[in-house]
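S.K.: Residue numbers (this note's numbering): 8 to 428.
From the three backbone atoms N, C-alpha and C, an ideal C-beta is built for every residue, glycine too.
Take this structure first; my questions come after.
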Ligand code: LLP
């Protein structure tokens with residue numbers, strides 16, 4: 008069961024009314040459900056219960072310290088994309104042997120720090136990076152465990168900015184060169200080649216695409232073994248898409264209709280690829296971000312004004328693209344609902360922020376219950392790539408973050424002050 012839902016006509020999180028939270032803590036405000044974070048983690052772990060595996064939460068999706076502590080307590084691992092995220096992971100209590108490090112442009116100091124912490128492995132993206140890691144490892148008398156990220160040139164049905172698995176992107180080593188590079192890397196001093204890494208993109212909801220990637224990775228593992236290499240690990244990355252449309256429903260809300268993401272769940276996506284991945288007899292690693300945290304968070308905002316301009320109605324809210332950039336950057340869909348429903352008419356509106364940019368919007372031509380100044384709205388499924396992508400643009404203070412735990416509310420990041428600008 009999802010933790011954000013309507014109880015009669017009131018949107019609640021776990022047992023708490025979100026209207027009360029908005030009035031007490033102010034808006035814009037990110038609100039997370041501790042139970043939802045646990046639920047999504049446990050659903051994934053349940054799929055892998057009979058598989059030798061390690062799930063490493065992709066910190067880039069949401070690096071709030073309290074959220075990381077909840078995940079570390081669940082016993083999973085973490086994937087860091089920078090030295091900052093490595094520090095956050097260690098501080099939150101993830102054991103080094105459950106931390107991986109990914110990224111196409113790791114700096115020397117970041118590599119050295121990762122090696123000194125003796126983390127599980129580094130996902131490596133080029134021959135030059137193998138050489139740099141080798142030099143650093145030799146200098147500090149450490150052995151670097153690496154997985155080679157391979158670009159399998161797979162077309163992914165997702166936004167072009169979140170597609171990473173085909174040739175013209177900057178990611179990974181070309182499939183054609185993978186065997187030769189792996190053979191060479193396994194001989195490089197200071198390097199222990201453990202396996203292959205693949206991450207084809209983000210918000211992919213199509214099981215067939217993942218299946219194609221899984222088959223390609225397993226075929227490569229077999230080819231490497233036929234060449235005499237010992238391959239013990241296969242990192243299948245993240246990217247498991249989530250449902251954004253119709254996340255909550257209520258008789259007083261308009262229906263989003265049938266959409267590409269209808270009914271998609273991480274469990275279904277993972278269950279479809281797991282039998283193929285297991286054929287490799289490798290330990291399976293994954294790096295899910297969105298599929299753990301997207302549904303665990305929402306952004307609360309308040310209606311400042313409504314106005315009609317020509318044939319358009321604008322709902323102007325106190326959150327802006329600096330708080331949540333996904334609609335502006337990727338034209339992403341987020342369901343937007345009032346915290347309190349009444350049997351008002353449905354109207355076609357644009358929900359926009361207060362910034363001086365036409366690109367500052369959350370929804371265009373969206374059917375919504377009629378709302379007025381002072382009403383509170385929830386922008387749903389914003390736990391992933393929400394707060395972490397926020398900025399101070401237009402001199403705005405970044406929003407506060409709050410975690411609901413049953414009937415308790417814990418402020419997990421204070422709203423920025425003017426002095427912090
Ligand atoms: N592993 C690697 C190497 C990654 O680059 C990413 C995400 C993940 C795992 C986690 O992917 P996920 O399970 O969250 O899909 N800002 C964009 C998404 C960018 C994804 C970047 N890499 C958005 O808001 O949609």
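#1: Are residue 380 and residue 310 close, meaning C-beta to C-beta below 9 angstroms?
#2: What residue does the alpha helix (DSSP H) around residue 216 start on, and which one ends it?
#3: Can you give, in chain order, each stretch of the beta strand (DSSP E) that sits fully within the segment 381 to 428 and has at least 3 residues?
#4: So for residue 267, helix, strand or coil by DSSP?
#5: At a threshold of 8 angstroms, does residue 65 count as lining ligand 1 (C-beta to nearest heavy atom)?
#6: Alpha helix (DSSP H) containing residue 187: first to last residue?
#7: Quick one: Cα of residue 97 to Cα of residue 120, how far?
#8: Assign residue 1 to one of three DSSP states: helix, strand, or coil.
#9: Nearer than 8 angstroms: is that true of the beta carbon of residue 329 relative to any heavy atom of ligand 1?
#10: Looking only at C-alpha atoms, which of 103, 195, 196 and 244 sits nearest to residue 209?
#11: Quick one: is residue 262 buried, meaning 16 or more other Cβ sit within 10 Å of its Cβ, or exposed?
#12: Report the rounded CA-to-CA distance for residue 240 versus residue 107, giving the unit in angstroms.
#13: Give the DSSP-derived three-state secondary structure of residue 5 in the structure shown.
#14: Pick out whichever of 203, 211, 87 and 118 has its Cα sitting closest to the Cα of residue 230.
#15: Under a three-way DSSP split, which group does residue 26 fall into?
#16: Pull up the DSSP beta-bridge partners for residue 294, would you.
#17: Mind reading off the beta-carbon distance from residue 111 to residue 177? Whole number of angstroms is fine, and I expect it under 8 angstroms.
#18: Under 8 angstroms: does the beta carbon of residue 368 sit that close to some heavy atom of ligand 1?
#19: Could you tell me which of 27, 36, 46 and 396 sits nearest to residue 418, measuring between CA atoms?
#20: Would you kindly check if the distance between the Cβ of residue 305 and the Cβ of residue 169 is under 9 angstroms?
#21: Taking 8 angstroms as the cut-off, is the CB of residue 130 close to at least one heavy atom of ligand 1?
#22: Residue ranges of each alpha helix (DSSP H) run of no fewer than 4 residues wholly in the segment 290 to 378, ordered along the chain?
#23: Who are residue 151's beta bridge partners in DSSP?
#24: So, helix, strand or coil for residue 115, using DSSP?
#25: Between the C-alpha atoms of residue 237 and residue 69, what's the straight-line distance to the nearest angstrom?
#26: Given residue 214, which residues of its chain have a CB within under 8 angstroms of its CB, disregarding the five upstream and five downstream residues?
#27: For residue 296, is the beta carbon positioned less than 8 angstroms from some heavy atom of ligand 1?
#28: Cα-Cα, which of 272, 87 and 338 is closest to residue 298?
M.R.: From the atom records:
#1: Going by C-beta atoms, residue 380 is nearer than 9 angstroms to residue 310.
#2: DSSP places residue 216 inside the alpha helix (DSSP H), whose first and last residues are 214 to 233.
#3: Here the runs fully enclosed are 383 to 386, 407 to 412 and 415 to 420.
#4: Reduced to three states, the DSSP call for residue 267 is coil.
#5: At least one heavy atom of ligand 1 is nearer than 8 angstroms to the Cβ of residue 65, so yes.
#6: Residues 182 to 192.
#7: Computed Cα separation, rounded: 12 angstroms.
#8: Limits of the chain in this structure are 8 at one end and 428 at the other, which puts residue 1 out of reach.
#9: Not one heavy atom of ligand 1 lies closer than 8 angstroms to the C-beta of residue 329.
#10: Checking every option, the nearest Cα to that of residue 209 belongs to 244.
#11: Taking all protein chains shown into account, residue 262 has fewer than 16 neighbouring C-beta atoms within 10 Å of its C-beta and is therefore exposed.
#12: Whole-angstrom Cα-Cα distance: 12 angstroms.
#13: What the structure shows of the chain is the stretch from 8 to 428, and residue 5 is not part of that stretch, so it cannot be assessed.
#14: Per the C-alpha coordinates, the member of 203, 211, 87 and 118 positioned closest to residue 230 is 203.
#15: The answer is helix: DSSP assigns residue 26 an H, G or I state.
#16: BP columns for residue 294 are empty, so no partner.
#17: About 5 angstroms separates the two Cβ atoms, so the contact holds.
#18: With a threshold of 8 angstroms, the Cβ atom of residue 368 does not count as near ligand 1, since no heavy atom of the ligand is closer than that.
#19: For the options 27, 36, 46 and 396, the alpha carbon positioned closest to that of residue 418 is the one of 36.
#20: Taking 9 angstroms as the Cβ cut-off, residue 169 and residue 305 do not qualify as a contacting pair.
#21: Within the cutoff, so yes.
#22: Scanning the segment 290 to 378 for uninterrupted alpha helix (DSSP H) segments of 4 residues or longer gives 297 to 300 and 333 to 337, listed from N- to C-terminal end.
#23: DSSP, once it has assigned bridges, lists 198 as partnering residue 151.
#24: Helix.
#25: Distance from the CA atom of residue 237 to the CA atom of residue 69, rounded to whole angstroms, is 35 angstroms.
#26: Hits under 8 angstroms: 275, 276, 279 and 280.
#27: Yes, since a heavy atom of ligand 1 falls inside the 8 angstroms radius drawn around the Cβ of residue 296.
#28: Checked all of 272, 87 and 338; the closest Cα to residue 298 is 272.
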